[in-house]
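Report on the following structure.
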Amino acid sequence: YEAYHKLYRAAVQPRDVVEMLTLSPVFPRSILFAIAEVDAALARISAYRTYDPEHRTISSVALPGPNPSGGSEAERAAGILRSRLAYGRVEEIFAAGLHQYLLDLQRSCYRLGEHIQAEYFAPRVLRPEDVVA
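Its first residue numbered 958, the sequence shown is counted upward by one per residue in the numbering used here.
What follows is the structure, given as structure tokens:
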């Protein structure tokens, strides 16, 4: 309630609540704020690591500037989702139907999580040639 009134001076309106919880870049509990943090974290990680999707390996190297390989699927998914939210409008949410929009958003977050899991946390299956010196 207090956070709402810091952003909106009028009485509580459903439209404004949806906008604050999904599209606000400054409200720390909004979906956009959270996805922007994920996107920034992945960018920081990739600045120092390269991901090899064929062998599912991450090598630590100090790279100057952005990842020259163009980023991982997790970075791509986070960037797409962040852009979708950053440039989205609350009218588009209601036009799509709030329930359907949130389901689609949930699926996108799940796919992003799958990419992060596969690229950074999933155990790598070793092949014989990887083990034999």
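Note that CB positions come from ideal geometry on N, CA and C, so glycine has one too. Quick caveat, the model's predicted, so the values are computed rather than measured.
The beta carbon of L999 lies closer than 7 Å to those of A1031, E1032, A1035 in the same chain, with the five residues before and after it left out. In the displayed model, P1085 falls within a helix according to three-state DSSP. Excluding five sequence positions before and after I1050, the CB atoms of its chain that fall closer than 7 Å to its own CB belong to V975, T979, Y1058, given in chain order. Residue environment for L1069: buried (at least 16 other C-beta atoms within 10 angstroms of its C-beta). Cβ-Cβ distances below 7 Å link V1047 to R972, V975, E976, L980 in the same chain, with the five nearest sequence neighbours on each side left out; the list follows chain order.
Distance between R1001 and I1073, taken at the CA atoms: about 14 Å. In the assembly as shown, S1040 is an exposed residue. Its beta-carbon has fewer than 16 other beta-carbons within 10 Å. The beta carbon of I992 is closer than 7 Å to those of A1035, L1038, R1039, L1042 in its chain, skipping five residues each way along the sequence.
Per DSSP, the continuous alpha helix (DSSP H) segment holding F1051 begins and ends at 1047-1053.
Counting of Cβ neighbours within 10 angstroms places E1076 among the buried residues, the total reaching 16 or more.
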